[in-house]
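Asker: Residues in the sequence shown are numbered from 0 upward in steps of one, following this note's numbering.
One structure is given below, represented as structure tokens, and several questions about it will come after.
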Amino acid sequence: MPYDLTQELIDEYVDKLPGTSRRNAYGFPCYFVRERVFGLYDGQALVLKLDKPTGDDLLVQRVAQRFRHARDASGRMWVRVNPEKLQSEEVLETLIIHSYNFVLENPA
0 MPYDLTQELI
10 DEYVDKLPGT
20 SRRNAYGFPC
30 YFVRERVFGL
40 YDGQALVLKL
50 DKPTGDDLLV
60 QRVAQRFRHA
70 RDASGRMWVR
80 VNPEKLQSEE
90 VLETLIIHSY
100 NFVLENPA
């Protein structure tokens, strides 16, 4: 999978967060905090682990879709966020931070 500008932008935001790492897993570039995945980039969209209300809100706004390879569990969900549908790069950064914090605060 070729490296692209969207992945570069995502990497820059992730690199600002303490304790993160990046490596390929599940066939995609994945983003980890405390050895737990909080996001992955599939070449078209950023898949984030979010609380159910935030995930549902993104679905209603039609800027994200459910990530069908991971199920909802215990108030969390995985969604595919299309960066091109977001209002700004700042919104993308905010969602990355939200996913990062959600994983840090929910050890299960």
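Idealized CB from N, CA, C, for every residue including glycine.
Every value quoted in this text rests on a predicted model; they were computed, and no experiment measured them.
Thinking C-beta only, is residue 45 closer than 8 Å to residue 9?
Answerer: yes
Asker: Count the other CB atoms, across all protein chains shown, that sit within 10 Å of the CB of residue 30; report buried if there are 16 or more and exposed otherwise.
Answerer: buried
Asker: Between residue 100 and residue 84, what straight-line distance do the alpha-carbon atoms span, to the nearest angstrom?
Answerer: For residue 100 and residue 84, the distance between alpha carbons rounds to 23 Å.
Asker: Report yes if the CB atom of residue 59 is closer than 8 Å to the CB atom of residue 48, and no otherwise.
Answerer: no
Asker: With DSSP collapsed to three states, give me the class of residue 62.
Answerer: coil
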